[in-house]
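Chains as they are written, first to last, in this note's numbering: chain Y, 2 to 546; chain D, 2 to 453.
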């Protein structure tokens, strides 16, 4: 970590530090970029169109409805104005390229957001997802014209079933939280089918916020299960709460403290004995893929984030893909559409057209069409590339990297569960021992100046000032050592109460942003300033009160 | 393994630092009986890039590619030309491989893009504010129904017969679990939609009326009377747009009084992709913003007073409010929002208008050609780039027969409404700028043959 590995001396050294500003606000490669609405014009476009020639018409048209009168065809609803600026192609490319350079990304460096599994996104996946046979097919094409696509969905489903040891998989959910909803709705449908209305879903207090939000949406009352001092679900407290009103328990395993729940099978057995069902949040599947099959732990439903474990890109907030693996008990209730291999080897998507009657208990449809095909092709390319041996290696290296970070920093950062043994794929630290009123956010922002994306901050809630570090398996040891050196230095400054941390980040495109101001007076769309200087929202001239 | 940087020497050294003798020591919390001994038996081992490329390419070749045949499908997904620079910019690693912008100081690229996207969507749909995207149009529509429920504190929603049946199916599924009461009905093969029936059905218990514009059969109608009637009863109007290119030519729902406008953004920048990922558009009035689902990017300043953008109003969201959140949505469709925004920036008002004109003119011409086939009638009085034909035979077998001649000739209503015999002769045809004169000729020949 030096800018001068050769040890050479400059022949004309610069003596004074220049603190200058520039007239443009730019700083060499760090370029300011105005909003599209400040540089675009309503008269500009970056697209040329072919001139259209109407096909020759045979004979006169007498039916008045067939006269090519736009006024008639458009029901008199022609639009007068949109107020949407355009840019030429070079301006467009420059605008977005400049914006892109204000982003951190895995392609630039370690992105250790806990529970997010920011691993390398292989470019082979991008290439294959763009094959016209996958990218340029319509979801309502007759099934005989998309056999390859349906077969791909089916192959991916078979991999997911094999890797999880479950009975079947619902492929259509669009992201993790959507998959959670799918799983909980399967559970509710199954309970209702047996005439067993239950009202409560138990969620550990360390759970992702999506878990309680999902259970509440599905009409359940949510109750928390406490954690033990060792960071696990309190099995005794859970057992004590089980009863005829408990519909399901939602467990994350490995949990959000980065620990495996060793009593998972006992939890499942106890829930089943009380007539409930077990939902597992699969966000952390990367720690155990190829090593442990959730089906062997008594789980009834689990979503898999293809955009975490199986490397499809996060894209600045999606798209995701959240297939849900199901136990035999829940399979009949899975939503349409549903891929199934036939006796003759062909594959069909079971949907309304080809026989909803084949799945009479299905709880319905969660999306128009079939789910995230573009993510399926990427995830399958990833799985085939790794194979069974490579996927087990993924889990091992992810766990190894996290433990290496944990043990390399536990002398300078409080690691609340370090004494209870190894972590899984993420290491958790607290802000205990920081001096001078410094908090986790100050450490996180200082990491930005050192060229790293911060870890997950203040989550899970059960650890004070939590810092959840998930390095993933695609980091080299040299990369981890750099990160450890940087975080160690920052942690030492935090323990010493170094107030300069509160100014971080200093070198990012922006200093700390005022989130309170943003929330108090929300400005969510650009408003064209009026000539007199007041804000005359061009967006608000429509849809008024 | 090409994606795994650690060498065996690295692994050994790291284990030593950790104080473990073998990797299995790190999995000791996993009960032995749950641990697998070796690689999962039935799955193959790792493969080269070349091998994986061969396997997936072989699968892709079993599909009939829309761009290689005369292609006329729509019904919620439309094939438009996407400029090359859109995909180039999406593949910038700084966009492609970034996470949700939780650290705004190093995510201004994504945040400014989302702020621009929100503004573009709001203006296109004729509303004041829009969010940073939903999964797709169908889930956006359901979220809008839930939002109307929260705003009006009423649970009865009237859904027009012109709404895409998959969208209705999603809403019906969700309503089973939330206790919302949905009044739905089936479309008829007629030029007029159901505006009068919708207005007649509104009561002072109605939460919202949901209409699609243009509707599933391609029809267009002024939404103002429905909006007025809904508002008179304290209900909201939710409008659904599955083909946003139409709004380059016809009035936006927000201009006609819709309170929440949702849409499927796929046709601008995203591509067909067999149904996903797509991008849900969601816009509304400023006064309802705190009841909105999903992420919102907002303007602010940094500690030096420079303009910047952050995710805001997150007290609506699951990671703060948990079981009291407005939605459980977390990951949305950021990269597709980027594709939409770049394409919209290239088009601008001028380009979108031209694109919409070409689509409409082509569709007018094709409707004339096809409705001259004996026995084939045009159902619509009004349409943008999609219309419905009533065939003298069932449309489903006709569609399959056209496939035999390599023509993808529209969506049969039997595919969408398998149980509704009265619709089985309906064929929905979409015509975009990608359709050539030769495609139209081939389609006409194939359809003429298929209906005989």
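Ideal Cβ placement from N, Cα and C applies to all residues, glycine included.
Going by DSSP, what residues sit across from residue i in a beta bridge?
{"i": "residue 430 of chain Y", "result": "Y/468"}
{"i": "residue 388 of chain D", "result": "D/430"}
{"i": "residue 281 of chain Y", "result": "Y/252, Y/303"}
{"i": "residue 182 of chain D", "result": "D/157"}
{"i": "residue 378 of chain D", "result": "D/391"}
{"i": "residue 281 of chain D", "result": "D/135, D/265"}
{"i": "residue 28 of chain D", "result": "None; residue 28 of chain D has no bridge partner."}
{"i": "residue 351 of chain Y", "result": "Y/339"}
{"i": "residue 130 of chain D", "result": "D/285"}
{"i": "residue 366 of chain Y", "result": "Y/337"}
{"i": "residue 28 of chain Y", "result": "Y/31"}
{"i": "residue 298 of chain D", "result": "D/312"}
Whole angstroms are fine: how far does the CA of residue j sit from the CA of residue i?
{"i": "residue 434 of chain D", "j": "residue 248 of chain D", "result": "15 Å"}
{"i": "residue 373 of chain D", "j": "residue 283 of chain Y", "result": "56 Å"}
{"i": "residue 250 of chain D", "j": "residue 294 of chain Y", "result": "54 Å"}
{"i": "residue 437 of chain Y", "j": "residue 292 of chain D", "result": "39 Å"}
{"i": "residue 364 of chain D", "j": "residue 441 of chain D", "result": "10 Å"}
{"i": "residue 6 of chain D", "j": "residue 483 of chain Y", "result": "15 Å"}
{"i": "residue 461 of chain Y", "j": "residue 440 of chain Y", "result": "15 Å"}
{"i": "residue 142 of chain Y", "j": "residue 245 of chain D", "result": "21 Å"}
{"i": "residue 155 of chain D", "j": "residue 196 of chain D", "result": "21 Å"}
{"i": "residue 172 of chain D", "j": "residue 153 of chain D", "result": "18 Å"}
{"i": "residue 233 of chain Y", "j": "residue 60 of chain D", "result": "44 Å"}
{"i": "residue 331 of chain Y", "j": "residue 276 of chain Y", "result": "14 Å"}
{"i": "residue 87 of chain D", "j": "residue 116 of chain D", "result": "18 Å"}
{"i": "residue 354 of chain D", "j": "residue 286 of chain D", "result": "25 Å"}
{"i": "residue 169 of chain Y", "j": "residue 389 of chain Y", "result": "19 Å"}
{"i": "residue 416 of chain D", "j": "residue 145 of chain Y", "result": "14 Å"}
{"i": "residue 182 of chain Y", "j": "residue 281 of chain Y", "result": "12 Å"}
{"i": "residue 182 of chain D", "j": "residue 370 of chain Y", "result": "24 Å"}
Nearest CA to the CA of residue i: which residue from the options?
{"i": "residue 122 of chain Y", "options": "Y/80, Y/386, Y/494", "result": "Y/386"}
{"i": "residue 227 of chain Y", "options": "Y/203, Y/213, Y/217, Y/212", "result": "Y/203"}
{"i": "residue 316 of chain D", "options": "Y/519, Y/281, Y/379", "result": "Y/519"}
{"i": "residue 361 of chain D", "options": "Y/79, Y/45, Y/49, Y/246", "result": "Y/79"}
{"i": "residue 452 of chain D", "options": "D/421, D/401, D/422, D/319", "result": "D/401"}
{"i": "residue 531 of chain Y", "options": "Y/39, Y/27, Y/190, Y/17", "result": "Y/39"}
{"i": "residue 233 of chain D", "options": "D/208, D/223, D/241", "result": "D/208"}
{"i": "residue 22 of chain Y", "options": "Y/14, Y/15, Y/16, Y/31", "result": "Y/31"}
{"i": "residue 81 of chain D", "options": "D/269, D/191, D/425", "result": "D/269"}
{"i": "residue 261 of chain D", "options": "D/147, D/22, D/423", "result": "D/147"}
{"i": "residue 308 of chain D", "options": "Y/289, Y/368, Y/138, Y/26", "result": "Y/26"}
{"i": "residue 478 of chain Y", "options": "Y/464, Y/404, Y/452", "result": "Y/404"}
{"i": "residue 209 of chain Y", "options": "Y/497, Y/476, Y/178", "result": "Y/178"}
{"i": "residue 177 of chain D", "options": "Y/496, Y/516, Y/472, Y/363", "result": "Y/363"}
{"i": "residue 459 of chain Y", "options": "Y/470, Y/449, Y/524, Y/451", "result": "Y/470"}
{"i": "residue 29 of chain D", "options": "Y/424, Y/494, Y/271", "result": "Y/424"}
{"i": "residue 245 of chain Y", "options": "Y/138, Y/500, Y/274, Y/225", "result": "Y/274"}
Is residue i near the ligand ATP, judged by its Cβ being under 7 Å from some heavy atom?
{"i": "residue 275 of chain D", "result": "Questions concerning the ligand ATP fall outside what the structure shown contains, since it holds no ligand whatsoever."}
### Query
What runs of the beta strand (DSSP E), each 3 residues or longer, lie entirely inside the segment 194-250 of chain Y?
201-205, 222-226
### Query
Taking contact to mean at least 3 C-beta pairs separated by less than 8 Å, is the segment 504-514 of chain Y in contact with the segment 100-114 of chain D?
yes
### Query
Mind pulling the alpha helix (DSSP H) runs of 4 or more residues that sit fully within the segment 207-265 of chain D?
225-233
### Task
Count the C-beta pairs between the segment 98-118 of chain Y and the segment 405-415 of chain D that are closer than 8 Å, then say yes if the count reaches three, no if not.
no
### Task
Pick out the complete alpha helix (DSSP H) segments inside the segment 129-196 of chain Y, 4 residues or longer, and give them in chain order.
133-136, 148-165, 177-194
### Touch test, the segment 336-346 of chain Y against the segment 114-124 of chain D, Cβ-Cβ under 8 Å, three pairs minimum
no
### Message
Just to confirm the assignment: which complete alpha helix (DSSP H) runs, minimum length 4, are found wholly within the segment 36-81 of chain D?
### Response
50-61
### Message
For the segment 257-268 of chain Y against the segment 305-322 of chain Y, do three or more pairs of beta-carbon atoms, one drawn from each stretch, fall closer than 8 Å, so that the two count as touching?
### Response
no
### Task
Spell out a yes or no on whether the segment 102-121 of chain Y and the segment 95-108 of chain D are touching, meaning 3 or more CB-CB pairs, one atom from each, closer than 8 Å.
yes
#### Entry: Sufficient close CB pairs (3 or more, under 8 Å) joining the segment 342-350 of chain D to the segment 133-148 of chain D
no
### Message
Counting beta carbon pairs with one atom in the segment 396-413 of chain Y and one in the segment 475-495 of chain Y, are three or more of them shorter than 8 Å?
### Response
yes
### Query
Is there contact here, the segment 375-390 of chain Y with the segment 49-69 of chain D, by at least three beta-carbon pairs under 8 Å?
yes
### Message
Check whether the segment 149-156 of chain Y and the segment 310-328 of chain Y touch, using three or more Cβ-Cβ pairs below 8 Å as the test.
### Response
no
### Task
Report yes or no: do the segment 213-229 of chain D and the segment 382-401 of chain D share at least 3 C-beta pairs separated by less than 8 Å?
yes
### Query
Do the segment 272-290 of chain D and the segment 71-85 of chain D meet, that is, are 3 or more Cβ pairs less than 8 Å apart?
yes
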